[in-house]
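For what it's worth, the working numbering labels the leading residue of the sequence shown as 2, then goes sequentially. Just so you know, even glycine gets a beta-carbon here, dropped at the ideal spot from N, CA and C.
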Amino acid sequence: MYRYNNKKILIVDDQKPFHVMLKAMLINQGATNITFVESTDQAVKVASLIKFDIYLFDYNLGAGKNGVQLLDYLKQNKLIPAHALCFIITGDSNKRMVLTAMEKSPDDYLMKPFSPVQLSTRLIAATKRKSMLQDIYKAISDKDYPLAISLCKDKIQASSENRNLCKNLLAEIYIETEEFTNADRILKPLVELRPLVRPCISLGRSLFLQKKYKESIEVLTRLIENSPLQMEAYRWLAHSYKQDGQLDNALTILTQAANATHHSIERHQEVALLANEMEEYLVMVNSYSSILFLSRNSFYPDPCHLANYLRSILNLAKQEADLNERRQILKRVSSTLYQSRFEEGKNKDFNFNGFDEIYQANVLFALNEPLKAKRRIFNTLKNTTGVVEDFDTTFLIESALSLLDIGEFEEATPLLAELNQRHIIDQTTEINIKKHTGLALQKRMNNFKAHNKAGIEHFTNGEYEQALERFDQALLLEPLNSGAILNRSQVFIHMLQKNPKNKGDLIVNFQNTTALLNNTHLPEVHAERLQALRYEFKKIKSAI
């Protein structure tokens, strides 16, 4: 029988009857120090103050975060001591739920109802495993790999109990230290007779890291055929397929893993990232939708997930040639933003109103209404209070990328400079930033600037026809760039001052060009320049 004396126990469950039953069970077996809480928020507060010996988390905790998310959060924040035992408890035998729970590596998993004997037996087994391996895990945590290897070898020699577990752990240390030959020498005999789960996964990983992708695929495929619920095997198999150039197979495997688990943001993120790379837009939309939904009830809600989902909808819409079909897809942006006002909109550190306006502008851009989009972007930034340094990261990113989309490089520059100072955690966000910036942006800017600069030089030399041609070329590349539009307008003013025969055409051209900047909150320098040009035009026109 497990000894509960002097053990501090934390139970997290929102069902009062289970509290009463479990408390009676534990007290009858000698437990005296038991703490009950009903929610993850209460559990975090208590766990921050007290280090427990046993953690019993119910999977379902009503609305909001679940027991698996709680376990992951406490582990990530080092609020669970190394010696402690963590169990996930649930009354639901749903395989997807079980798989999600086991991915976070609790010490065990219990199904309701269970008897005192079952609980005691599982605690004893978990204690033995943890006790036997604790010094090895500490050495690994300290990155003292020679000590970890020595300890593994000693335990393999000393006892037949858990020998294979220690062998696999030793192989994983060899993989970590890139001693792949030693790792394979241990693992291959373990999987030759039958595909043992841990050794197969470790061998598949070892082969992948050695770039032996086809061998890795063979080992992991065999494992999944025999044990189809091993999510880590799916992950390494997908990696192997991807590196072997079999992207469709990789995406299929990752999608199967995501569908097989429950509440696993990580699995959906893997699907989304690969779908993004493959430009599988519908898969992207579905994956980012799942991530957004799951993140809202997680410990790590972040408006970046909303941005990723909305951007995936825009990407999907842009692939649709039929404008009516495109409008139907883009309706999801508006409906999502409406709902998000009551979700992400509650975050006081997130400029939701500004974000909403930026995405409404992006919808206009996707509907081939770039001028309306530009006006909305500029007006939004004009009405945003505070300096760029005070922008929340998601609003900062979307504002910067939207300015780049409309070719306003000068206005985007301070935002990009601030963005370079921020630490971006989300991989999708990082990918989107890289797509818009770096060498691709530099090439785009250089091409535009070359024409614009040449136009300015021609204009300075009084070569107005050549200047106009160059500014037109610049605007072919970036049709909405305010600086180039003003440069083109200025050429028409000077051509009019020469009193040419085609005054009527020049007047119309000036008016049409400056109309591109109507109802737009331009940056102060551009606004002053536009006002001066219009004043000059008015004087010339009245003198004609």
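- One Cα belongs to residue 468, the other to residue 456, and the distance between them is close to 4 Å.
- Excluding five sequence positions before and after residue 306, the CB atoms of its chain that fall closer than 6 Å to its own CB belong to 292, 293, 296, given in chain order.
- Residue 334 is classed as buried because its beta carbon has at least 16 other beta carbons within 10 Å across all chains shown.
- Contact between the region 51-64 and the region 6-16 is established, with three or more Cβ pairs separated by less than 8 Å.
- The alpha carbon of residue 191 has as its nearest neighbour, out of 220, 214, 209, 178, the alpha carbon of 220.
- Taking a cut-off of 8 Å for Cβ pairs, the region 307-316 and the region 271-288 touch, as three or more such pairs fall below it.
- In summary, residue 381 is buried, with 16 or more beta-carbon neighbours lying within 10 Å of its beta-carbon over all protein chains present.
- Within its own chain, the residues whose Cβ lies closer than 8 Å to the Cβ of residue 471, once the five positions on either side in sequence are excluded, are 452, 453, 455, 456, 459, listed in chain order.
- Straight through space, the alpha carbons of residue 368 and residue 324 are spaced by roughly 7 Å.
- For the options 341, 205, 5, 400, the alpha carbon positioned closest to that of residue 418 is the one of 400.
- Burial state of residue 22 is exposed, judged by a 10 Å Cβ sphere holding fewer than 16 other Cβ atoms.
- If you draw a straight line from the Cα of residue 389 to the Cα of residue 528, it comes to about 20 Å.
- One alpha carbon belongs to residue 127, the other to residue 92, and they sit about 21 Å apart.
- If only uninterrupted alpha helix (DSSP H) runs of at least 4 residues are considered, those enclosed by the region 35-80 are 41-50, 68-77.
- The beta carbon of residue 290 sits closer than 7 Å to the beta carbons of 310 from its chain, once the five residues preceding and following it are set aside; these are given in chain order.
- Closest option to residue 491, judged by alpha-carbon separation, among 505, 509, 534: 534.
- By the Cβ-count criterion, residue 172 is buried, with 16 or more other Cβ atoms from all chains shown falling within 10 Å of its own Cβ.
- Put simply, the backbone Cα of residue 215 is about 10 Å away from that of residue 205.
- A direct Cα-Cα distance of roughly 17 Å separates residue 43 from residue 19.
- As the crow flies, the alpha-carbon of residue 339 is around 15 Å from that of residue 314.
- When DSSP states are grouped into helix, strand and coil, residue 11 belongs to the strand group.
- Taken atom to atom, the span from the alpha-carbon of residue 477 to that of residue 523 is near 21 Å.
- Cβ-Cβ separation between residue 164 and residue 196: approximately 18 Å, too far for a contact (criterion under 8 Å).
- A direct Cα-to-Cα measurement between residue 354 and residue 37 gives close to 41 Å.
- Between the alpha carbons of residue 183 and residue 150 lies a distance of about 11 Å.
- Rounded to the nearest whole angstrom, the C-alpha separation of residue 119 and residue 185 is 37 Å.
- Within the same chain, 146 come within 6 Å of residue 178 by CB-CB distance, once the 5 residues on both sides are set aside.
- Burial is judged here by how many other beta carbons sit within 10 angstroms of a residue's own beta carbon; residue 260 has fewer than 16 and is exposed.
- Under the three-state reduction of DSSP, residue 178 is assigned to coil, being neither helix nor strand.
- DSSP places residue 110 within a strand segment (E or B) once states are collapsed to three.
- Rounded to whole angstroms, residue 444 and residue 504 show a C-alpha spacing of 38 Å.
- Straight-line measurement puts the Cα of residue 268 at about 13 Å from the Cα of residue 428.
- Secondary structure at residue 343: coil, using DSSP grouped into helix, strand and coil.
- Between residue 203 and residue 209, the CB-CB gap reaches or exceeds 8 Å.
- The distance from the Cβ of residue 15 to that of residue 62 is about 5 Å, consistent with a contact at the 8 Å cut-off.
- In the three-state reduction of the DSSP assignment, residue 91 falls in the strand class.
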